[in-house]
Amino acid sequence: MPHSPEQRAHELGLAIPDYANPPYGGRYGSALKAFHRTGDLLELSGLTPDSRDGVLLHPGVVGADVTVEQAREAARFTAINALGLIRYALGSLDEVVALSRGLCFVLCPPGFERLNEVSNAASDLFLDVFGPVAGRMGRASIGATALTRSACFELWLSLEARG
Amino acid sequence: MPHSPEQRAHELGLAIPDYANPPYGGRYGSALKAFHRTGDLLELSGLTPDSRDGVLLHPGVVGADVTVEQAREAARFTAINALGLIRYALGSLDEVVALSRGLCFVLCPPGFERLNEVSNAASDLFLDVFGPVAGRMGRASIGATALTRSACFELWLSLEARG
Amino acid sequence: MPHSPEQRAHELGLAIPDYANPPYGGRYGSALKAFHRTGDLLELSGLTPDSRDGVLLHPGVVGADVTVEQAREAARFTAINALGLIRYALGSLDEVVALSRGLCFVLCPPGFERLNEVSNAASDLFLDVFGPVAGRMGRASIGATALTRSACFELWLSLEARG
Numbered sequence: 002m003p004h005s006p007e008q009r010a011h012e013l014g015l016a017i018p019d020y021a022n023p024p025y026g027g028r029y030g031s032a033l034k035a036f037h038r039t040g041d042l043l044e045l046s047g048l049t050p051d052s053r054d055g056v057l058l059h060p061g062v063v064g065a066d067v068t069v070e071q072a073r074e075a076a077r078f079t080a081i082n083a084l085g086l087i088r089y090a091l092g093s094l095d096e097v098v099a100l101s102r103g104l105c106f107v108l109c110p111p112g113f114e115r116l117n118e119v120s121n122a123a124s125d126l127f128l129d130v131f132g133p134v135a136g137r138m139g140r141a142s143i144g145a146t147a148l149t150r151s152a153c154f155e156l157w158l159s160l161e162a163r164g
Numbered sequence: 002m003p004h005s006p007e008q009r010a011h012e013l014g015l016a017i018p019d020y021a022n023p024p025y026g027g028r029y030g031s032a033l034k035a036f037h038r039t040g041d042l043l044e045l046s047g048l049t050p051d052s053r054d055g056v057l058l059h060p061g062v063v064g065a066d067v068t069v070e071q072a073r074e075a076a077r078f079t080a081i082n083a084l085g086l087i088r089y090a091l092g093s094l095d096e097v098v099a100l101s102r103g104l105c106f107v108l109c110p111p112g113f114e115r116l117n118e119v120s121n122a123a124s125d126l127f128l129d130v131f132g133p134v135a136g137r138m139g140r141a142s143i144g145a146t147a148l149t150r151s152a153c154f155e156l157w158l159s160l161e162a163r164g
Numbered sequence: 002m003p004h005s006p007e008q009r010a011h012e013l014g015l016a017i018p019d020y021a022n023p024p025y026g027g028r029y030g031s032a033l034k035a036f037h038r039t040g041d042l043l044e045l046s047g048l049t050p051d052s053r054d055g056v057l058l059h060p061g062v063v064g065a066d067v068t069v070e071q072a073r074e075a076a077r078f079t080a081i082n083a084l085g086l087i088r089y090a091l092g093s094l095d096e097v098v099a100l101s102r103g104l105c106f107v108l109c110p111p112g113f114e115r116l117n118e119v120s121n122a123a124s125d126l127f128l129d130v131f132g133p134v135a136g137r138m139g140r141a142s143i144g145a146t147a148l149t150r151s152a153c154f155e156l157w158l159s160l161e162a163r164g
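For the record, the sequence lines run as chains W, A and D. Residue numbering for the first sequence is 2 to 164, as defined by the working numbering. Residue numbering for the second sequence is 2 to 164, as defined by the working numbering. Residue numbering for the third sequence is 2 to 164, as defined by the working numbering.
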């Protein structure tokens, strides 16, 4: 039986948010949308660790206001938001052929070196949900000097959808 | 009658620059090009708020040297440059199926939180020109610690072109 | 006779690394992969100036710990790593239709303005190897406040592969 990301997400008890309502992005600007699909390439808009009613998990500077462990919680929460956006875009997580790659922006000070540990909390969740074939991603982790509302993490993900 | 981005740009009186001459990028390196199209995916090179003869609008750090309002002018100017690059790539703005998404880099100090207000000036112009179907974009706004020549804004945009 | 990037790389005596073994990314997280191809679009994972056994070339902050010339060496080394990843993905550099674009992240302090000079060392190598048709790239150079292990440079590249 093939791996079902929807079933695996259910087994994990993930609280995957619904991006149909309220629409994505309204808090940040009226000209935004959640995703675009060009052929089989799905490009997601930026995702941060905020709940659908706008509460950010662990805002602040990682390595100063926010611990690495808290930032990992925020990165994992962001990945769960990404699952919601993918489901909203494709109807089901099972419509993913494979993740392509994700830029992970970490709000952090100069000298912070543990960005990969933060990003791993997102990547590891994707691997668990989508499995070893579809769930691995290309990645870069980049220290940002600022993010809107001082979110501690932001994900910029692309993936391949079924034709 | 379908929405025409070219007509709307004309109505708005936008001074859209010509990227045919001088070629894009020569100021920064001889190995650069303006865009690449893979299938219907158009990936634009980085765009900054500089005129074709190289004068940057409002260089400097947003929130320190540059006000948010000035940064918004720079972001809108960058979006107009993007229109020029799209027209150069596709022949006409009317060849755009839809914007996909854009990374917006804002040169700013730690603690700056109003990145989305800066980026909105670019997104709102795109929405006006391309209309509600094609003109919405996915987006993330990222604080950069430095940009070449201290440009205060840089846009990294992808979009879908007509087949 | 058409330009052969493989032949040109051989003429230049480039020591292109093998990404088959050890697999890409294991140092940073077990959920990573090196690349993904969606149709003819090849999206590479982030590349840094480290050897296959993990030694970073010139780690540190460009303009402080690391000179621009050292950062250029690191950027060129990163581009050679990208050649290895492309060969690993496609079997041969000759399977590249053209580079699309690359984000170049430079670890640097506020006020650093010479990011393009660093990135040019990567772009110029690509131009030399792939030639004037396939080897030009779209680009943006972004100052990062931090990168994992204080790599001084990271490349995020997309390109078009032969169908």
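Beta carbons are placed, not taken as given, at the ideal position from N, Cα and C, and that holds for glycine. Source: prediction; values computed, not measured.
Here A32 of chain D carries a coil assignment [DSSP, helix/strand/coil].
If one requires a minimum length of 4 residues, the alpha helix (DSSP H) runs lying completely within the stretch 48-116 of chain W are 69-91, in chain order. Comparing alpha-carbon positions, the option among D:R38, D:L116 and D:E74 lying closest to L91 of chain D turns out to be D:R38. Not a single C-beta of chain W is nearer than 8 angstroms to the C-beta of L158 of chain A.
In summary, the residues of the stretch 127-152 of chain A whose CB is separated from some CB of chain W by less than 8 angstroms are F127, L128, G136, R137, M138, G139, R140, A141, S142, I143, G144, A145 and T146, in the order they occur in the chain. Contact annotation: L108 of chain D and A80 of chain D have beta-carbon atoms that are not nearer than 8 angstroms. Listed in chain order, the positions of the stretch 35-53 of chain A with a beta carbon within less than 9 angstroms of a beta carbon of chain D are A35, F36, H37, R38, T39, G40, L42, E44, L45, S46, G47, L48 and T49. Collapsing the DSSP output to three states places L126 of chain A in a helix. Judged by DSSP in its simplified three-state form, G136 of chain D adopts coil rather than helix or strand. For the C-beta of F106 of chain D, the chain W residues within less than 8 angstroms are, from N- to C-terminus, A141 and I143. Contact between the stretch 14-24 of chain D and the stretch 19-26 of chain A is absent: fewer than 3 CB-CB pairs across the two stretches fall below 8 angstroms. Rounded to whole angstroms, L42 of chain W and S101 of chain A show a C-alpha spacing of 10 angstroms. DSSP lists D:L42 as the beta-bridge partner residues of T39 of chain D.
At least one beta carbon of chain D lies nearer than 8 angstroms to the beta carbon of F113 of chain W. In this structure R140 of chain W touches S120 of chain W by the C-beta definition: roughly 6 angstroms separates them, less than 8 angstroms. Neighbourhood of E155 of chain D in chain W, by CB distance below 8 angstroms: A141 and I143, in chain order.
Ranked by Cα distance from E70 of chain D, the first of D:L86, D:R88, D:E118 and D:P111 is D:E118. Distance between V134 of chain A and A122 of chain W, taken at the CA atoms: about 35 angstroms.
The CB of E161 of chain W comes closer than 8 angstroms to the CB of H37 and T39 in chain D, given here in chain order. For the pair T68 of chain D and D125 of chain W, the Cα-to-Cα distance works out to about 36 angstroms.
Residue pairing for I143 of chain W: DSSP places it in a beta bridge opposite W:F106 and D:L148.
Taking P6 of chain D as reference, the option from D:L104, D:I87 and D:G40 with the minimal CA-CA separation is D:I87. Of all residues in the stretch 81-103 of chain A, none has a C-beta nearer than 8 angstroms to a C-beta of chain D.
Along the stretch 5-39 of chain A, the positions whose C-beta sits under 8 angstroms from a C-beta of chain D are G26, Y29, G30, S31, A32, L33, K34, A35, F36, H37 and T39, read in chain order. Within chain D, no C-beta atom comes nearer than 9 angstroms to that of P60 of chain W; the closest sits roughly 17 angstroms away. With respect to A147 of chain W, T49 of chain W sits apart: the two C-beta atoms are not nearer than 8 angstroms.
The continuous alpha helix (DSSP H) containing A10 of chain D extends over residues P6 to E12. In its chain, beyond the 5 residues on either side, L57 and P60 have a beta carbon closer than 7 angstroms to the beta carbon of R150 of chain A. Counting along the chain, the unbroken beta strand (DSSP E) around A162 of chain A starts and ends at F154 to A162. Chain W places a beta carbon closer than 8 angstroms to that of P110 of chain A, counting this residue as a contact. Close CB contacts of I143 of chain D within its chain, under the 8 angstroms cut and outside five residues either way in sequence, are with L104, C105, F106, V107 and L116 (chain order). Residue-level contact check: D66 of chain W does not touch chain D, since none of the beta carbons of chain D fall below 8 angstroms from its beta carbon. With respect to the 8 angstroms criterion, G27 of chain D and S46 of chain D are not classified as neighbours on the basis of their beta carbons. Counting C-beta atoms within 10 angstroms of its own C-beta, G55 of chain A has fewer than 16 neighbours from the protein chains shown and is therefore classed as exposed. Proximity to D66 of chain A across D:A99, D:V63, D:E96 and D:G112 peaks at D:G112, based on C-alpha coordinates. Rounded to the nearest whole angstrom, the C-alpha separation of G40 of chain A and A76 of chain D is 29 angstroms.
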